[in-house]
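Residue numbering for the sequence shown is 1 to 253, as defined by UniProt numbering.
To start, the structure under review is shown below, and the notes come after it.
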Amino acid sequence: MSDSSSANNVPPDPACQPVSWIAAPPAAATVPRGEPCIGGLVPFSSVDWPGALACVVFIAGCPWRCGYCHNPHLQTRAGHYNWHAVLEFLQARRGLLDAVVFSGGEPLSEPQLAQMIRSVRALGFRVALHTAGIYPSRLQALLPRLDWIGFDVKSNAQGYDALTGRPGTSATTEACLDAVLASGVAFECRTTWSPRWLPEPELLALAGHLAHRGVSHYAVQNYRRSPDAAPDAVLSDNAQSELAALFPHFAYR
1 MSDSSSANNV PPDPACQPVS WIAAPPAAAT VPRGEPCIGG LVPFSSVDWP
51 GALACVVFIA GCPWRCGYCH NPHLQTRAGH YNWHAVLEFL QARRGLLDAV
101 VFSGGEPLSE PQLAQMIRSV RALGFRVALH TAGIYPSRLQ ALLPRLDWIG
151 FDVKSNAQGY DALTGRPGTS ATTEACLDAV LASGVAFECR TTWSPRWLPE
201 PELLALAGHL AHRGVSHYAV QNYRRSPDAA PDAVLSDNAQ SELAALFPHF
251 AYR
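This is how it looks when you write it as structure tokens:
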């Protein structure tokens, strides 16, 4: 699948390399070549789509190389789960879960994502997408099939290339945000924050830009070196107050 709007700035997706998974639901499997590259699965989550009980399917593959990435093992396209086994698992969870969240990595790197979404919706689940805004035309094509989007906004325009390790990334993110805003699909923008790459004044300027664009739901997530580690830093009370005043819905996590 190509993305002409970002072809000059995003490297091509590497080939999917199947990998054996050792013991994880729904089933251990060696993924055949040509199958979707699913790098992980959380059977039940109440945090990946606020207000929904969801299964989270992690797509392996991302062309960016953010230095603080929490899932570096999902940067390359190596599949751990058989998609048909995942669908059987979801079939058994009908009536128990509300939704399926496609996360990553970057889920839009998966060429079969549209068909995966169709299969999930056929089971009666709502669908959410986590994206960093890397592939504008792919996102545009999927918007009518999505119920919610978690949109990562990593930095201001000046800091994007250094943070992601790729040129031209701010432009693709802005193009994706344009598409989401025009679509009417519910979404939340969120920024993983540390003053090491985004000092408070720059975070506030970024938030002001998003509010001016029409973003109504915004979250700031403290960077942690590991899930159980203390935050890298804590936003000042003044910054938290200023951010809360910018958006009808603001969360600090």
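A virtual CB, placed ideally from N, CA and C, is assigned to each residue, including glycine.
All values derive from a computational prediction rather than experimental measurement.
DSSP-derived helix/strand/coil call for S20: As a working note, residue 20 is residue 20 in the sequence shown. Only weak support is given to the placement of S20: the predicted model assigns it a pLDDT of 31, under 50, and the question is left unresolved by the model.
Candidates A186, P195 and L181: closest to G159 by CA position: As a first step, residue 159 is located in the sequence shown; it is residue number 159 there, counting from the start. The candidate whose alpha carbon is nearest that of G159 is P195.
May I ask which residues mark the beginning and end of the beta strand (DSSP E) holding C189? Taking the sequence shown and counting its residues from 1, one reaches residue 189 at position 189. Run containing C189: A186 to W193, per the beta strand (DSSP E) assignment.
Under 8 Å Cβ to Cβ from L204, same chain only, skipping five residues before and after it: list those, please. Here residue 204 refers to the residue found at position 204 when the sequence shown is read from its first residue. So the qualifying residues of the chain are A239, E242 and L243.
Should the stretch 108 to 124 be called in touch with the stretch 152 to 172, which here means at least 3 C-beta pairs below 8 Å? no
Nearest to A235 (by Cα), restricted to the options N71, D98, Y223 and L90: Mapped onto the sequence shown, residue 235 falls at position 235. One point to set straight first is that residue 235 is Leu, not Ala, in the sequence displayed. It is Y223 whose Cα lies nearest to the Cα of L235.
Helix, strand or coil for Q221, going by three-state DSSP, please let me know. The count along the sequence shown starts at 1 and reaches residue 221 at position 221. Strand at Q221.
Given this structure, state the Cα-to-Cα distance separating Y135 from A85, to the nearest angstrom. Residue mapping note: residue 135 aligns to position 135 of the sequence shown, counting from 1. Residue mapping note: residue 85 aligns to position 85 of the sequence shown, counting from 1. Rounded to the nearest angstrom, the two C-alpha atoms are 28 Å apart.
Report yes if the CB atom of A78 is closer than 9 Å to the CB atom of C37, and no otherwise. Position 78 of the sequence shown holds residue 78. Position 37 of the sequence shown holds residue 37. Result yes, Cβ atoms of A78 and C37 sit closer than 9 Å.
Where the beta strand (DSSP E) containing T76 begins and where it ends: Along the sequence shown, one-based indexing puts residue 76 at 76. No beta strand (DSSP E) contains T76, which DSSP labels as neither H nor E.
Residues in its own chain within less than 7 Å of L139 by CB, not counting five upstream and five downstream? Walking along the sequence shown from the start, residue 139 turns up at place 139. Answer for L139: L108, T131, C176 and A179, listed in chain order.
Closest residue to L53 among A60, P201 and A128 (Cα-Cα distance): As a working mapping, residue 53 is identified with position 53 in the sequence shown. The candidate whose alpha carbon is nearest that of L53 is A128.
Assign A230 to buried or exposed, taking buried as 16 or more other Cβ atoms, counted over all protein chains shown, within 10 Å of its Cβ. As a position in the sequence shown, residue 230 is number 230, starting the count at 1. Exposed is the call here.
Spatial neighbours of C62 within its chain, please: CB distance less than 7 Å, with the 5 preceding and 5 following residues excluded, ordered by chain position. Translated into the one-based positions of the sequence shown, residue 62 becomes position 62. Answer for C62: L74, Q75, G104, G105, E106 and S109, listed in chain order.
Identify whether A175 lies in helix, strand or coil by the three-state DSSP scheme. Counted from its first residue, the sequence shown places residue 175 at position 175. Correct three-state label for A175: helix.
Run the CB neighbour count on A60, radius 10 Å, all protein chains shown included, and call it buried at 16 or more, exposed below. In the sequence shown, the residue the question calls residue 60 occupies position 60. So A60 ends up on the buried side.
Burial state of F44 (16 or more Cβ within 10 Å): The sequence position of residue 44 within the sequence shown is 44, counting from 1. So F44 ends up on the exposed side.
Please report how far the alpha carbon of W64 lies from the alpha carbon of G133, in whole angstroms. Along the sequence shown, one-based indexing puts residue 64 at 64. Along the sequence shown, one-based indexing puts residue 133 at 133. When rounded, the distance between both Cα atoms is 11 Å.
Under 9 Å between the Cβ atoms of V101 and D161? Working through the sequence shown from its first residue, we reach residue 101 at position 101. Working through the sequence shown from its first residue, we reach residue 161 at position 161. Taking 9 Å as the Cβ cut-off, V101 and D161 do not qualify as a contacting pair.
If you reduce the DSSP assignment to three classes, tell me which class L108 lands in. Taking the sequence shown and counting its residues from 1, the one referred to as residue 108 is at position 108. Correct three-state label for L108: helix.
Here's a check: name, in chain order, each residue in its chain whose Cβ is nearer than 6 Å to the Cβ of Y81, leaving out the five neighbours to either side. Position 81 of the sequence shown, counted from the first residue, corresponds to residue 81. The answer, listed in chain order, is I38 and L41.
Helix, strand or coil for H152 per DSSP? Along the sequence shown, read from residue 1 onward, the residue named residue 152 stands at position 152. Note on residue identity: the sequence assigns Asp, not His, to residue 152. It is a strand residue.
Does the separation of the CB atoms of A186 and L142 fall below 9 Å? Working through the sequence shown from its first residue, we reach residue 186 at position 186. Working through the sequence shown from its first residue, we reach residue 142 at position 142. It is not a contact, given that the beta carbons lie outside the stated cut-off.
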